[in-house]
C-alpha cells in the first residue's frame, strides 16, 4: 500500500480543530435530542433539531475530509460512518425501550 | 446498606478513600508548582524542578485514582455479593503495606529525585518512564498488593451472589492487573520500550479503566436513582462491547510516530474515531434512566453522588470525546503530537472520566457510613463541584489556547525545531494560556478545600429526617 | 421467566456473549499486529548496515555515519538517511547509502559492541535522570522542554547554530556533552535545564543515544523539520 501524508497549511489548523470539535458536539446533540424527544420530555417537533444536528455533523465531517485532504478510500469510510451514526441512536433506543417494556410487564405480572 | 452497620470490607473502603483524597490534595499542590514554573521558571529551580513536580503531580493522580478504584470495589463488593469480603484482614494488611510503599516512593521522588545512569537507579529510585516512574521494587510490591485484592474480589464473589456488575468487574480487574506487567521491563530500543509502555498506559485509561467506570457507574445509578438492575446490567454489557471494541485497537493512535509500521495510521484513526461512541452511549443511558425515574416520581437518593456522576458523563464526553477527536487523526496529529494539545485533552479527560466518578463513589460511601436514606447537596458541596468543574474546564480551554499557539508557531511556521519551540513558548498567547491555566488551577484548589470540608460535614448538615435505623424503630 | 420467548435484543446473555466475542476478536487482532510490528521494530545490526538494509530502528553503529532527515516524495514525508542518500529515478523514493561517515567524539570506527554499550548507558541515563518529565522523546513525554526525537539534527546545535557556539566546543557531540554536564552554566532561555549531576561518560552516552534516535524512522514526525534554517535539507 502506498502512504501519503499531504502537507496541511498552518492556516487550516484552526478550521480543522473547530470542525472536529463540532463533529463530536453535534453528534452528541443528535443523540441527546433524539433521546429526549423519544422519552417525551420535549415536544416531538424537536426531532427536527435532532436530524438537523446530524446534518450539520455530516457537513462538518465532509469539510474535515476536505481539510485533511483524505484519499478516496477514507472518504468512503467517512460516509459509511455517518450513515452508521444516523442509525445508531435508533438501535440504542429500540433496545432500551424493549427491555424496559419487558421488565415492567414482568413486574406487573409478578405482582399479580 | 444496613443502616449504620457497615461490612468490614466497606470499612476498609473508607480507609482507601481517605488516602485517595489526601493524595488528590498532593496532586493539586504539585500541579500548582509545575504551573507556576511555566510562568516563573526560576521558581524552585535546582531544588524541586519541573520534572519532579510534574512526576509527583501525575503519579499522585494515578495512585489516588487506583486507591479510590480499589476503595469503590471494596465498598460495593459486599453489598452486591451479599456477603462479607472474604480476606478482609489480608486486605487491610495490604492496604497498610501499599500506603507505606507509596510514602517511601514519594519521599524518594522528592528528596533523591534522580540517580546515576545504571540499573540500580531503575530498581531503587525511578524508572524514568512517564506515568509509571515507580521504581522496580515498588512495581513488584504493587503486583503483590493487587494480587491480594484480586483474591478478595474473586473469593467473595464466588461465595456470594454473582451480579452482572461484579462479573464485569472481575474480568476487567484481572486485565487491568495483568497489563501492568507489560510495563515492567527494560530495553535499549526506545521504540519497543514505548510500544509496550502504551500497552499499560492506553489499555488502562482508554479500555480497562473505562469499563471499570461503566461498571461502577451502573452501581451508582442503581443506588442513587433506583435504576432497574436488569437494564443497567444489559447496558453495561453493551458498553463493554463498545469500549473494548473501539478501545483495544484504538491503541493504534499512539503508534503513529514511534518507529512503528504505517498501517497503524489507518487502524489508529478508525478505532480512535469510534472511541467517543460508547461515551455518547453512556450519556444517553444516564439521561434515559434519569428521565424514566423522574417520570415515576422517584427522588434521587444521593444528590451529590448523582451530580458528580452527571459531571462524569459530560466531562468524559467532552474531555475524552471532543478534545480527543480534535487531534487524534494522523493527518493533524502529525502537527499536534508532543505539544500542549495532549495536556489540554488529558486534564479534562482524566477529570471527566475518572476523578468525577470517584468523588461520586466517595459521596456514596459517606452516605452509607452515616446510614442516611437520602442525602441532599449542601452549599459547600455545590461550591465545590462548581469550582472544580468550572476550574478544570477553564484550565482545558486555557491549555487549548496555548496548544493552538504552539502548533501554529512551532509546528506550522517554524518546522518543529528548537528555535521554533522557544519562539512558540514565548508567544504572548501561549503565555496568556499558561497564566489562565494557573488561575483556574487555583480555583480547583479552592474547590478541593471545600470538597474535603463537605465530605467531612455533609452528613451532619442534612435536614432533620429519619435515618433507616430510626425508620425501622418507627414502623416497629 | 426462562420459558417465556424474549427478543434477542433484550437478552442479557446475547449482549454478554457479544461483548466477550468483540473483546476477544479485538485482543487477538492486537496480538497478531503486535507480532508483526515487533518483527519490523527489532534493532538492526552492523551486518544490516554493511548489506545496506534499511531498518526502522537501525544498529547503534549509525553513530559512525552522517545522518540526515530528508523528504521522500514516494512516502510523502521526511525519512532518516544514514551515510548519504540515493534517489530512485522512477518513483522518487530516497534511501540510505550507508557510506558517508562522520566522526563521533573523534572516531568513526565504533564497533557494534562499543556502540551498543554506549547507547545502553545512554538509555539508562535518560531514564535515571527522568528526561521524559520535561522533554518529549519520539513526541512522548512532557512539554516543558524541546522535543529530543531529532535533537541531533537540530540547526541550533549545528556548527552555525547558537547552542554550539555558546559552549565553545568544536563539534556537535562535544557541545551537547558539555552542555548536559553543566546546563545551568549555559542559560539559553529564562527556562533552563537543571543540573542533574550527569557525568562525562553519561553525557557522552546520552549524546550517542540522541544520534542513534535521530536515525529511527518515525513516519515523518516531526514534520517540516528544519524548514526555517535549512541546516537539514528537509525542504531543499
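Residue numbers (my numbering), protein chains in the order written: chain A, 33 to 144; chain G, 82 to 557; chain H, 1114 to 1349.
Here a beta-carbon is modelled for each residue, glycine too, at the ideal position from N, C-alpha and C.
Taking the continuous alpha helix (DSSP H) assigned at residue 521 of chain G, which residues delimit it? 509-538
So that I know if they touch, is there some Cβ in chain H lying closer than 7 Å to that of residue 503 of chain G? yes
Boundaries of the beta strand (DSSP E) in which residue 1209 of chain H is found, first to last residue: 1207-1209
Would you check if the segment 1319-1330 of chain H and the segment 1289-1298 of chain H touch, i.e. whether three or more CB-CB distances between them fall below 8 Å? yes
Less than 6 Å between C-beta atoms, sequence neighbours within five positions excluded: which residues of the same chain meet that for residue 157 of chain G? 300
What is the residue span of the alpha helix (DSSP H) that residue 466 of chain G lies within? 460-487
Residue 101 of chain A: which of G/410, G/471 and G/472 sits nearest, CA to CA? G/410
Return the residues of the segment 328-344 of chain G that lie within a Cβ-Cβ distance of less than 9 Å from chain H, sorted by chain order. 328, 329, 330, 332, 333, 335, 336, 337, 338, 339, 340, 341, 342, 343 and 344
Taking the runs of the beta strand (DSSP E) that are 3 residues or longer, which of them lie wholly in the segment 1160-1208 of chain H? 1180-1185, 1190-1195 and 1198-1200
What is the DSSP secondary structure of residue 431 of chain G, counted as helix, strand or coil? helix
Identify the continuous alpha helix (DSSP H) that holds residue 253 of chain G and give its terminal residues. 245-261
As assigned by DSSP and simplified to three states, the class of residue 397 of chain G: helix
Note down, in chain order, every chain G residue with its Cβ under 9 Å from the Cβ of residue 52 of chain A. 403, 406, 407, 408, 409, 410 and 413
Give me the Cα-Cα distance between residue 143 of chain A and residue 316 of chain G, rounded to the nearest whole angstrom. Confidence at residue 143 of chain A is low in this model, with a pLDDT of 41, below 50, so its placement is unreliable and the value that follows should be read with caution. Taking the straight line joining both Cα atoms gives about 25 Å.
So what does residue 1214 of chain H bridge to, in DSSP terms? H/1178
Kindly list the residues whose CB is nearer than 8 Å to the CB of residue 1130 of chain H, restricted to its own chain and excluding five residues on each side of it in sequence; keep chain order. none
Beta-carbon of residue 311 of chain G versus every beta-carbon of chain A: anything under 7 Å? yes
Out of G/543, G/541, G/533 and G/542, point me to the one whose CA is closest to residue 99 of chain G's CA. G/533
Taking C-alpha atoms, which residue in G/271, G/520, G/122 and G/180 lies nearest to residue 1253 of chain H? G/271
Min CB distance residue 245 of chain G to chain A below 7 Å: no
Run the CB neighbour count on residue 1134 of chain H, radius 10 Å, all protein chains shown included, and call it buried at 16 or more, exposed below. exposed
DSSP puts residue 233 of chain G in a beta bridge; with which residues? According to DSSP, residue 233 of chain G bridges with nothing at all.
I think residue 1324 of chain H touches residue 1270 of chain H, with their Cβ atoms under 8 Å apart; what is that distance to the nearest whole Å? That pair is no contact at about 11 Å.
Beta-bridge pairing of residue 1253 of chain H - partner residues as DSSP gives them: H/1250
Do the segment 380-400 of chain G and the segment 448-467 of chain G meet, that is, are 3 or more Cβ pairs less than 8 Å apart? yes
Check each candidate in H/1302, H/1147, H/1175 and H/1316 and name the one with the smallest Cα separation from residue 1229 of chain H. H/1175
Taking Cβ positions, are residue 219 of chain A and residue 62 of chain A nearer each other than 7 Å? Here chain A covers residues 33 to 144 and nothing more, so residue 219 of chain A does not appear.
Please say whether residue 1214 of chain H and residue 1178 of chain H have beta carbons closer to each other than 7 Å? yes
With distance defined between alpha-carbon atoms, name the residue in H/1241, H/1220 and H/1298 nearest to residue 1284 of chain H. H/1220
Under 7 Å (Cβ pairs) to chain G, residues found in the segment 1253-1271 of chain H: 1253, 1254, 1255, 1256, 1257, 1259, 1260, 1267, 1268 and 1269
Determine, for residue 109 of chain A, whether the minimum Cβ-Cβ distance to residues of chain H falls below 7 Å. no
Are the Cβ atoms of residue 484 of chain G and residue 425 of chain G separated by less than 7 Å? yes
Which listed residue (H/1235, H/1334, H/1148 and H/1191) has its alpha carbon closest to that of residue 1314 of chain H: H/1235
Spatial neighbours of residue 366 of chain G in its chain, beta-carbon cut-off 7 Å, leaving aside the 5 residues before and after: 316
Residue 324 of chain G lies in the alpha helix (DSSP H); which residues open and close that run? 310-331
If I measure Cβ to Cβ from residue 451 of chain G and keep anything under 6 Å in the same chain, skipping five residues before and after, which residues do I get? 540
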